[in-house]
């Protein structure tokens, strides 16, 4: 069963940007695309744990600020010749609010 938790207004996350959300169930990076889609990922690049929330969002990807690895916001998979993946979590926008699936957050290691 899915249990959605309300974490923020969509406007609280800049377009083509991200915010780190700290919940009682752990921390995740929540990204907002230019088309107002939201994605939630672990906030650590698979290369050397760079803070993905500080990266550049372009299309449905984020570029790590440390070594320029490009990570898919949809799959968490490193793009191009790079290899690795970060965990993704279900996220959605409803009535201008960003919601995360608490069931998936509970299954992850608390940050």
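Residue numbers (this note's numbering): -5 to 105. Quick reminder that beta carbons are idealized off the backbone N, C-alpha and C, glycines included. Predicted model only: the values in this text are computed from it and were never measured.
Per DSSP, the beta-bridge partners of residue 79 are 71. Sequence-distant Cβ neighbours of residue 81 in its own chain, meaning closer than 8 Å and more than five residues away, are 35, 36, 70 and 102. If you check the CB distance, residue 14 and residue 23 come in under 8 Å.
Annotated as proximal: residue 3 and residue 90, with beta-carbon spacing under 8 Å.
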